[in-house]
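All remarks here apply to the structure that follows.
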Amino acid sequence: MDKIPILRMGAFLLVTIQVDLYDRLALNLEADLVQMVNKTSAKGVLIDISAVSIVDSFMGRIIGNIASMSKILDAETVVVGMQPAVAITLIELGLPLKGVHTALDMEKGMKLLKSMIDETEEDADEDQTHDDFIAE
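If you're matching positions, the sequence shown starts at 0 in numbering that gives the first Met the number 0 and goes up one per residue.
Here it is in structure tokens:
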């Protein structure tokens with residue numbers, strides 16, 4: 000059975016989709032990726048779809064599901080390399096992909112993930128400081 004590799008880069012997971020995703024492969028990717036987020040305590044997921052030229056509503060839902068499940072597990076999701084035709088198709092299908100952040104390429108996607116993680120850590124530090132103040 001085909002599998003899409005999931006690479007760990009520090010606090011992030013990287014997925015590069017190089018093949019057309021048929022339904023079973025997409026479902027396996029969703030399950031494997033969510034398990035890896037949980038197992039590694041990843042703070043971010045970067046999905047490169049630059050080789051994907053066609054999407055359908057099922058694929059769009061899978062990307063949205065990955066982002067939602069990752070968010071519940073405290074990880075942000077960024078999709079990079081989206082072709083214009085893919086973006087148009089997703090919108091025409093009524094799939095705005097709430098919770099999915101996008102960037103033009105991997106470099107910009109990594110910067111976006113890092114900035115989101117830094118903001119989250121700053122917010123957590125502020126919450127802790129506020130809790131310490133109340134406790135005193």
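Where a beta carbon is used, it is the ideal one built from N, C-alpha and C, also for glycine.
Three-way DSSP call (helix, strand, coil) for residue i in this model
| i | result |
| --- | --- |
| A102 | strand |
| V18 | coil |
| K113 | helix |
| K107 | helix |
Where the alpha helix (DSSP H) containing residue i begins and where it ends
| i | result |
| --- | --- |
| M68 | S56 to I71 |
| L94 | Careful: L94 lies outside any alpha helix (DSSP H) and carries neither H nor E. |
Extent of the continuous beta strand (DSSP E) to which residue i belongs
| i | result |
| --- | --- |
| I5 | I5 to M8 |
| L24 | Not the beta strand (DSSP E): L24 falls in the alpha helix (DSSP H), residues D22 to T39. |
| V186 | Because the chain in this structure spans residues 0 to 135, residue 186 falls outside the shown range and cannot be described. |
Residues that residue i bridges to, as DSSP identifies them
| i | result |
| --- | --- |
| V51 | According to DSSP, which records beta bridges pairwise, V51 is partnered with nothing at all. |
| V77 | L45 and H100 |
Inter-residue CB distance, residue i and residue j (contact presumed, cutoff 8 Å)
| i | j | result |
| --- | --- | --- |
| F57 | A25 | 7 Å |
| F69 | V51 | The identity of residue 69 in the sequence shown is Ser, whereas the question assumes Phe. Not a contact, Cβ separation roughly 19 Å. |
| L28 | I53 | Rounded, the Cβ-Cβ distance is 16 Å, inconsistent with contact. |
| K42 | A86 | Their Cβ separation, rounded to whole angstroms, is 26 Å, which puts K42 and A86 out of contact at 8 Å. |
| G63 | G98 | 7 Å |
CA-to-CA distance, residue j to residue i, given in whole angstroms
| i | j | result |
| --- | --- | --- |
| M35 | D22 | 20 Å |
| G80 | I16 | 10 Å |
| E75 | A66 | 7 Å |
| T39 | D1 | 22 Å |
| L32 | V78 | 14 Å |
Distance cut-off 7 Å: residue i Cβ against heavy atoms of the ligand ZN
| i | result |
| --- | --- |
| K97 | Looking at this structure, you won't find the ligand ZN or any other ligand, since it has none at all. |
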